[in-house]
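Please read the structure below before turning to the comments.
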Amino acid sequence: MSKKVLILVAWPYANGPRHIGHVAGFGVPSDIYARYMRMAGYNVLMVSGTDEHGTPIAMQAEKDDISPQVLVDKYNKQIVEDLYNLGLSYDLFTRTTTGNHTKVVQNVFLQLYKNGYIYKDTMSQAKEAGTGKTLPDRYIEGTCPKCGYFPARGDQCDNCGSQLDPTDLINPVSKNTGKSPIFADSVHFFLDLPALKEALTKWLKSRKNWRPNVLKYSLNIINDTKPRAITRDIDWGITIPLPNWRDESNKKLYVWFDAVVGYLSACIEWARRKGDAELWRQYWNDKNCQSDYFMGKDNIAFHSQIWPSQLLGYRGLGSKGGQTGAYGDLNLPTEVVSSEFLTMEGKKFTSSQGIVIYVKDILAKYPVDALRYYIAAAGPENNDTDFTWESFVQRNNSELVGSWGNLVNRTLNMVYKRFSQISQIDMSQLERNDTKLLSKIESVFPEVANLIESHKQQAGLSKIMKLVNDTNAYITATEPFKQDDFRARQILWVCIQAIYNINTMLAPYIPHSAQKVLLSLGVTNQKIPMPQIETVIDLDNSNRQYPIITGDYKLNDMAIKWQMTYLRGNSKIAKPEPIFQKIDPKIIEQELNGLINKKII
RNA sequence: CGCGGGGUGGAGCAGCUCGGUAGCUCGCCAGGCUCAUAACCUGGAGGUCGUAGGUUCAAAUCCUUCCCCCGCUACCA
Numbered sequence: 007m008s009k010k011v012l013i014l015v016a017w018p019y020a021n022g023p024r025h026i027g028h029v030a031g032f033g034v035p036s037d038i039y040a041r042y043m044r045m046a047g048y049n050v051l052m053v054s055g056t057d058e059h060g061t062p063i064a065m066q067a068e069k070d071d072i073s074p075q076v077l078v079d080k081y082n083k084q085i086v087e088d089l090y091n092l093g094l095s096y097d098l099f100t101r102t103t104t105g106n107h108t109k110v111v112q113n114v115f116l117q118l119y120k121n122g123y124i125y126k127d128t129m130s131q132a133k134e135a136g137t138g139k140t141l142p143d144r145y146i147e148g149t150c151p152k153c154g155y156f157p158a159r160g161d162q163c164d165n166c167g168s169q170l171d172p173t174d175l176i177n178p179v180s181k182n183t184g185k186s187p188i189f190a191d192s193v194h195f196f197l198d199l200p201a202l203k204e205a206l207t208k209w210l211k212s213r214k215n216w217r218p219n220v221l222k223y224s225l226n227i228i229n230d231t232k233p234r235a236i237t238r239d240i241d242w243g244i245t246i247p248l249p250n251w252r253d254e255s256n257k258k259l260y261v262w263f264d265a266v267v268g269y270l271s272a273c274i275e276w277a278r279r280k281g282d283a284e285l286w287r288q289y290w291n292d293k294n295c296q297s298d299y300f301m302g303k304d305n306i307a308f309h310s311q312i313w314p315s316q317l318l319g320y321r322g323l324g325s326k327g328g329q330t331g332a333y334g335d336l337n338l339p340t341e342v343v344s345s346e347f348l349t350m351e352g353k354k355f356t357s358s359q360g361i362v363i364y365v366k367d368i369l370a371k372y373p374v375d376a377l378r379y380y381i382a383a384a385g386p387e388n389n390d391t392d393f394t395w396e397s398f399v400q401r402n403n404s405e406l407v408g409s410w411g412n413l414v415n416r417t418l419n420m421v422y423k424r425f426s427q428i429s430q431i432d433m434s435q436l437e438r439n440d441t442k443l444l445s446k447i448e449s450v451f452p453e454v455a456n457l458i459e460s461h462k463q464q465a466g467l468s469k470i471m472k473l474v475n476d477t478n479a480y481i482t483a484t485e486p487f488k489q490d491d492f493r494a495r496q497i498l499w500v501c502i503q504a505i506y507n508i509n510t511m512l513a514p515y516i517p518h519s520a521q522k523v524l525l526s527l528g529v530t531n532q533k534i535p536m537p538q539i540e541t542v543i544d545l546d547n548s549n550r551q552y553p554i555i556t557g558d559y560k561l562n563d564m565a566i567k568w569q570m571t572y573l574r575g576n577s578k579i580a581k582p583e584p585i586f587q588k589i590d591p592k593i594i595e596q597e598l599n600g601l602i603n604k605k606i607i
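Just so we're aligned, residue 7 is where the first sequence starts under the working numbering, counting upward by one.
Spelled out as structure tokens, the structure:
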């Protein structure tokens, strides 16, 4: 049995379509990693889904005068389509409003409760005057008691940086209505983070290979750990699974408490759909299975603190002791891979002000791999990075089309025009130039593998692109178009092998084009796996259907493997058509005008 | 002293953990080639690596001072 890896990807919030900043943060990087890991022979399980509970969705549904379920159905569908169109190869992309998820979340809650890590307490809470609806801290504004700044928010003053409680504000008002909120006591359940602090700290300190900033940040915030309310006064969410609370329609579990449990519940749903309801245990209960989480940097706290705390408490490993529940000893995260942020022509993405490029819009106009390549090459892996249309066009035209696409195209043209097929040659007769290039390519396989496994995908990609340049230089140096047939066959054979193997390494980054390259090389017994959308029936509610992303990524061994491989046989090739298209630089101005018209820049 | 990240040729970045000729992509200049999507290849100009000091035979890299940018406990990823 090959080594198992769980790839757990942040759950997009279903309150609107996703923009390219979202997918640059968690989507494309996690898919590159998953595709590589499968090619390298790991047994991968990758899951995610839409996150569909919480106040913002409830409020927006009310504004749109529809039920929250109708709202999330709409955006779930759209997000599923976006991620599918990007070719993200989830084994299961589901959602948090399923019967399965609800049950798993409630089981986790009950075990935590039983072990003593969840307790009841009273807190003062702001409510909307008139409707009596709960008002989240950030929807309250007023004058800061420390510096007099207005408008300071209920949680923090932007001017002096003070941490605030809504009750501290002078003349607090609701951002929604402008009226003063009403403060009232409310009973809630709390996750006892202090009781888990020691176990959590110990665990964090054993995470030697994490990126230093993630580790530092996590250890830092742990110092002033407080119990955290995990229920809310809201009617949209998962029911509290306790007597006297089940029927309380206005108290539900806090959205973050349920969202992170999705990582587990989605694996359970995957196993149930596979027909072996216990299959997920191979990933979650096996200590040797690693679990890698992908997210934007704003989510670090939930993955390095809240979720591990829930898991530790579930297993009874905090200061209050306890026992593990029916799910057994669930693995804590091995890696928390966080991306930085993407900005848009120098501004932060903000859908409310239209500073945004939606995934569906960009994919409607430009090839999917142009976007994937851009994100892979210039995305926010280590620093915040700025998306500009100019650099998008330039990267596509110069690197993807000019270097790589042209290499494929010029080689195939020479082969087609002169021999109309890829001819076999005797490798032992190759010249030094030839073998040098081939062994160089072979040596890059393990180098890129190391880089991707240590989450340095950009460095990996630039190593591959260096090989593209080397091969272009090789053609210039050997001048196959001036050689006799014997030598020309040799050179072109070497070029074909170079292209085939470089294409293998590019496959995790730009899978759609990798498939096209395979076809134009006449390779039909290998494929690049792609996800599918399927409509399924809720396993716990036969009246309900929803779309999922899933797929067969092994393809009965037709999937391509991460290793230097020589193409054999004399495959005929068709008249080559360019695989990569240039993007007209005029679109830079057009797209920018679009933004100017919206008065954004 | 709240915490953290960053300041490297015109632009965007790598290098800094483990000090030793400053590297990549784009742009610019010159040349080459013509198989290819005016593509590709070669060479060149251009940097006192934010500032001031220290350690060292040697510092972008280690230590200290100061300056400037940017995030930060909110489901805006």
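Cβ atoms here follow ideal geometry from the backbone N, Cα and C, with glycine treated the same way.
I'd like the span of the alpha helix (DSSP H) that includes residue i, first residue to last.
i, result
"SER397", "395-400"
"THR207", "199-211"
"ASP239", "Where ASP239 is concerned, there is no enclosing alpha helix (DSSP H), although the beta strand (DSSP E) it sits in stretches over 237-239."
"MET420", "412-424"
"SER519", "517-526"
"VAL86", "74-91"
"SER449", "438-459"
What is the residue span of the beta strand (DSSP E) that residue i lies within?
i, result
"ASN4", "The structure shown does not extend to residue 4, since the chain is modelled only from 7 to 607, so the question has no answer here."
"ARG495", "First-last for ARG495: 491-512, but that is the alpha helix (DSSP H), not the beta strand (DSSP E)."
"ASP298", "296-302"
"SER180", "176-180"
"MET129", "124-133"
"THR477", "Run containing THR477: none in the beta strand (DSSP E); it sits in the alpha helix (DSSP H), 463-484."
"GLY148", "146-149"
"VAL343", "341-345"
"VAL542", "538-544"
Could you please give me the residues that DSSP links to residue i through a beta bridge?
i, result
"THR56", "ARG101"
"ASN49", "LYS10"
"LEU259", "THR237"
"HIS25", "TYR364"
"MET350", "LYS353 and PHE393"
"ASN19", "A small fix is needed here, since residue 19 is Tyr in this sequence, not Asn. Note: TYR19 sits in a beta bridge opposite ASP57."
"THR530", "Partner(s): none; THR530 has no beta bridge."
"LYS578", "GLN427"
Are there 16 or more other CB atoms within 10 angstroms of the CB of residue i, so buried, or fewer, so exposed?
i, result
"TYR42", "buried"
"VAL76", "exposed"
"ILE176", "exposed"
"MET564", "exposed"
"GLY360", "exposed"
"LYS605", "With a pLDDT of only 49 at LYS605, under the threshold of 50, the placement of this residue in the model should not be trusted; the figure read from the coordinates follows. LYS605 comes out exposed."
"ASN21", "buried"
"ARG252", "exposed"
"GLN435", "exposed"
"GLU583", "exposed"
"GLU485", "exposed"
"ILE607", "Only weak support is given to the placement of ILE607: the predicted model assigns it a pLDDT of 45, under 50, and the question is left unresolved by the model."
"GLY27", "buried"
"GLY324", "buried"
"GLY334", "exposed"
"ARG378", "buried"
"PRO537", "buried"
My assumption, with CB atoms under 8 Å, is that residue i sits in contact with residue j. Please give the rounded CB distance.
i, j, result
"ASP375", "GLU346", "Contact doesn't hold; Cβ gap of about 23 Å is too wide."
"ALA16", "PHE393", "Not a contact, Cβ separation roughly 19 Å."
"SER426", "LYS578", "7 Å"
"ASN478", "SER404", "In fact, because the Cβ distance is near 13 Å, the residues do not count as touching under 8 Å."
"PHE355", "HIS59", "Going by Cβ atoms, the distance from PHE355 to HIS59 rounds to 23 Å, so no, they are not a contact pair."
"ASP440", "VAL500", "5 Å"
"TRP216", "VAL11", "The pair is not a contact, with the Cβ atoms about 17 Å apart (cut-off 8 Å)."
"ILE274", "LYS258", "The Cβ separation is near 21 Å, so there is no contact."
query = Looking at C-beta atoms only, is the number of pairs between the region 321-331 and the region 283-291 that lie closer than 8 Å three or more?
reply = At 8 Å Cβ cutoff, the stretches do not touch.
ask   = Between the region 125-134 and the region 179-194, are three or more C-beta pairs nearer than 8 Å?
value = As far as the Cβ criterion goes, the region 125-134 touches the region 179-194, which means the pair count is three or higher.
ask   = Quick check: the region 500-514 against the region 559-572, are there 3 or more CB pairs under 8 Å?
value = Touching, yes, given that three or more Cβ pairs across the two stretches are closer than 8 Å.
query = Is the region 458-466 close to the region 380-388, with three or more CB pairs under 8 Å?
reply = Contact between the region 458-466 and the region 380-388 is present, because at least three Cβ pairs lie under 8 Å.
ask   = Would the region 541-555 and the region 491-499 be scored as touching if the rule is three or more Cβ pairs under 8 Å?
value = They do not touch, by the three-pair rule.
ask   = How about the region 311-327 and the region 101-119: do they share at least three Cβ pairs that are nearer than 8 Å?
value = The region 311-327 vs the region 101-119: in contact.
task = May I ask you to verify whether the region 265-283 touches the region 89-109, counting CB pairs closer than 8 Å and requiring at least 3?
result = Judged by Cβ distances under 8 Å, the region 265-283 makes contact with the region 89-109, as three or more pairs qualify.
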